[in-house]
Amino acid sequence: MVSAVITPDTLARISAIGPYFAVATGPRPEADGFRPLTDLYADPGVLEECVRTVSGRLGTGQPRVAASTLHLGTASRLWSIALACAALTGRVPDLGPARLWWRLPAAGPLDLWLPDLREVGREPLPALHHTVGVQNLGPWADAVRRVSGVSPHTLRGNAASALIGAHRVLLAGEPHTPYPVVPLVRGLLDRPPLAGAGTYRVAPASPLAFRRRSCCLYYRVPGAGTCGDCVLNPKEKTS
24 MVSAVITPDT
34 LARISAIGPY
44 FAVATGPRPE
54 ADGFRPLTDL
64 YADPGVLEEC
74 VRTVSGRLGT
84 GQPRVAASTL
94 HLGTASRLWS
104 IALACAALTG
114 RVPDLGPARL
124 WWRLPAAGPL
134 DLWLPDLREV
144 GREPLPALHH
154 TVGVQNLGPW
164 ADAVRRVSGV
174 SPHTLRGNAA
184 SALIGAHRVL
194 LAGEPHTPYP
204 VVPLVRGLLD
214 RPPLAGAGTY
224 RVAPASPLAF
234 RRRSCCLYYR
244 VPGAGTCGDC
254 VLNPKEKTS
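Here our numbering is used: the first residue of the sequence shown is 24, the next is one more, and so on.
Here it is, written out as structure tokens:
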């Protein structure tokens with residue numbers, strides 16, 4: 024199968040799947056306030072301010088809980104966009120943190136803006152691993168750990184859980200993509216930084232069932248429970 028080029032129309036189609044898949048491209052969006060992801064990864068003050076904002080929204084005085092929630096949501100944003108592009112076109116956009124810009128909206132996950140489209144010159148699986156796993160998730164986990172003390176074990180589980188969530192929503196919104204989604208997800212779960220984060224099983228014509236080996240800490244938010252793939256759930260509740 025000949026892969027297609029990623030275009031602004033591709034990103035518009037992907038953005039329609041859901042809020043975690045949304046990404047702007049082209050000229051700077053009307054409302055400003057965007058800055059490169061490198062700022063979020065490299066500037067502790069910027070990240071600490073984000074964590075405080077998320078903490079206020081969640082109603083928790085525990086920075087580790089807010090930081091883990093922010094980490095998981097941002098990983099979900101990155102996986103969703105990259106995985107959807109791979110599934111629809113066979114190509115992966117370059118989401119290098121110096122090229123992808125962000126801002127924290129009044130509600131919901133980070134707004135993302137990719138000023139110009141460029142593709143990773145690799146096959147889909149290594150391209151996904153490179154642009155999300157290596158370029159983003161490594162420095163992102165390091166940054167979150169520095170400002171909050173969230174454990175590497177938890178952050179690895181967050182990254183894997185984010186990928187599982189992205190592929191579930193993608194399969195629900197685009198069930199017949201030209202390029203199969205599940206083999207890509209399995210390949211990513213089997214290599215660092217996700218290897219060992221949890222266990223999965225394959226069900227015919229269904230998303231992967233996954234159980235992580237850690238907890239994202241969200242259950243500590245007032246009124247919240249555990250996530251479907253949480254290690255704290257009884258085994259029969261594995262999602």
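Virtual Cβ for every residue (Gly too), placed ideally from N, Cα, C.
All figures in this text were calculated on a predicted structure; none of them were measured in a lab.
Take the Cβ of residue i as the centre, count every other Cβ of all protein chains shown within 10 Å, and call the residue buried at 16 or more, exposed below.
i, result
"Leu207", "buried"
"Ile40", "buried"
"Pro31", "exposed"
"Ala218", "exposed"
"Ser229", "exposed"
"Asp55", "exposed"
Helix, strand or coil: which one does DSSP assign to residue i?
i, result
"Arg234", "strand"
"Arg114", "coil"
"Ala182", "helix"
"Pro59", "strand"
"Ala45", "coil"
"Lys260", "With a pLDDT of 44 at Lys260, under the threshold of 50, the predicted position of this residue should be treated as unreliable, though the coordinate-derived value follows. DSSP places Lys260 in helix when its eight states are reduced to three."
Since I believe residue j is in contact with residue i (beta carbons under 8 Å), could you give me their beta-carbon distance rounded to a whole number of angstroms?
i, j, result
"Pro86", "Leu160", "Between Leu160 and Pro86 the Cβ distance is about 20 Å, and since that is not below 8 Å, they are no contact."
"Pro138", "Trp125", "Actually they do not touch by this definition, with Cβ atoms about 12 Å apart."
State the start and end residues of the unbroken beta strand (DSSP E) segment that holds residue i.
i, result
"Arg80", "From DSSP, Arg80 is part of no beta strand (DSSP E) but of the alpha helix (DSSP H) over Pro67 to Leu81."
Grab the span of the alpha helix (DSSP H) containing residue i for me, first residue to last.
i, result
"Asp165", "Gly161 to Ser171"
"Thr263", "Residue 263 lies beyond the range of the chain shown here (24 to 262); nothing can be said about it."
"Arg36", "Pro31 to Ser38"
"Leu148", "Pro147 to Leu151"
"Pro206", "Val205 to Leu212"
Using DSSP bridges, identify the partner residues of residue i.
i, result
"Arg126", "Asp134"
"Ala90", "According to DSSP, Ala90 bridges with nothing at all."
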